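Read the structure below first, then the notes.
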Amino acid sequence: MKIYLGADHGGYALKEKIVKYLDGKNIDYEDLTTDFDPKDDYPNVAKEVGKLVASEIADGKNTKGILICGTGTGVSLAANKVKGIRAAALTTEDKVLLARLHNDLNILCLAGLEFPSDLPSKVKGKYNNLLDFSKEFPVKKAIPLIEVFLNTKFEGGRHKKRVDMIC
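Counting from 1 along the sequence shown, just add 1 to a position and that's the residue number in the numbering used here.
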């Protein structure tokens, strides 16, 4: 299995820790993230990862992707624009499990940041970057999600018809 990995500035710190995890597990990956840039655009890396994952899956290879931005939502939306991609921003092991079993999720999108409960009042008006209001999402919460994602096989069967309908 090969993993394509990508992150924007909101997911960069978590991505660096995930790289260490993948190295420690001897998991084959390619990191498509550029150097940290607070002005980068998540759609670029999301589409790049999406195109590579979709192309290799179409060639019959066992390939998946992991994308990380501030919330996981932006990279999910961008990656899903690529034909053949099923990406979702998920935060619990049960949701990752069901997305793999029933939807053949091929890109896991993670939140690289955690936000305070008073975020809505902080973002009203002017702000430069959500990094100003957040802290890094703990890698110890991300690793179990990644393990379920990488180790759960698609059930196929009755779910294949539905997956074919969304691709």
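Here a beta-carbon is modelled for each residue, glycine too, at the ideal position from N, C-alpha and C. Bear in mind that the values here come from a model prediction, so they are computed numbers and not experimental data.
Practice task
Along the beta strand (DSSP E) that carries Lys65, what are the first and last residues, could you check?
Solution key: Its beta strand (DSSP E) spans residues 64–70.
Exercise for the section: May I ask you to report which of helix, strand or coil DSSP gives Ala91? Expected result: Residue identity check: residue 91 is Leu in the sequence provided, not Ala. Residue state, collapsed to three classes: coil.
Handout entry: Cα-Cα separation, Leu138 to Thr72
Key = A small correction: the amino acid at residue 138 is Phe; Leu does not occupy that position in the sequence shown. Between the C-alpha atoms of Phe138 and Thr72 there is a straight-line separation of about 10 Å.
Problem - Alpha-carbon to alpha-carbon, Lys48 and Asp105 - result: In a straight line, the C-alpha of Asp105 is about 19 Å away from that of Lys48.
Exercise for the section: State yes or no: is the C-beta of Leu68 within less than 9 Å of the C-beta of Val83? Expected result: Taking a C-beta distance under 9 Å as the contact criterion, Leu68 and Val83 do not qualify as a contact pair.
Practice task
Give the straight-line distance between the Cα atoms of Lys18 and Glu94, rounded to the nearest whole angstrom.
Solution key: Straight-line Cα distance between these residues: approximately 19 Å.
Practice task
Pull up the distance between the alpha-carbon of Ala80 and that of Phe116, whole angstroms please.
Solution key: Going by the C-alpha atoms only, they are around 23 Å apart.
Exercise for the section: Apply the 10 Å Cβ neighbour rule to Asp9 and answer buried if 16 or more other Cβ atoms are within range, or exposed otherwise. Expected result: Counting of Cβ neighbours within 10 angstroms places Asp9 among the buried residues, the total reaching 16 or more.
Handout entry: Integer-rounded CB distance, given that Val76 should sit under 8 Å from Thr64
Key = Cβ-Cβ separation between Thr64 and Val76: approximately 17 Å, too far for a contact (criterion under 8 Å).
Practice task
Assign Cys70 to buried or exposed, taking buried as 16 or more other Cβ atoms, counted over all protein chains shown, within 10 Å of its Cβ.
Solution key: Burial is judged here by how many other beta carbons sit within 10 angstroms of a residue's own beta carbon; Cys70 has at least 16 and is buried.
Exercise for the section: Can you check DSSP and say which residues form a bridge with Gly7? Expected result: Answer is Leu68, bridged to Gly7.
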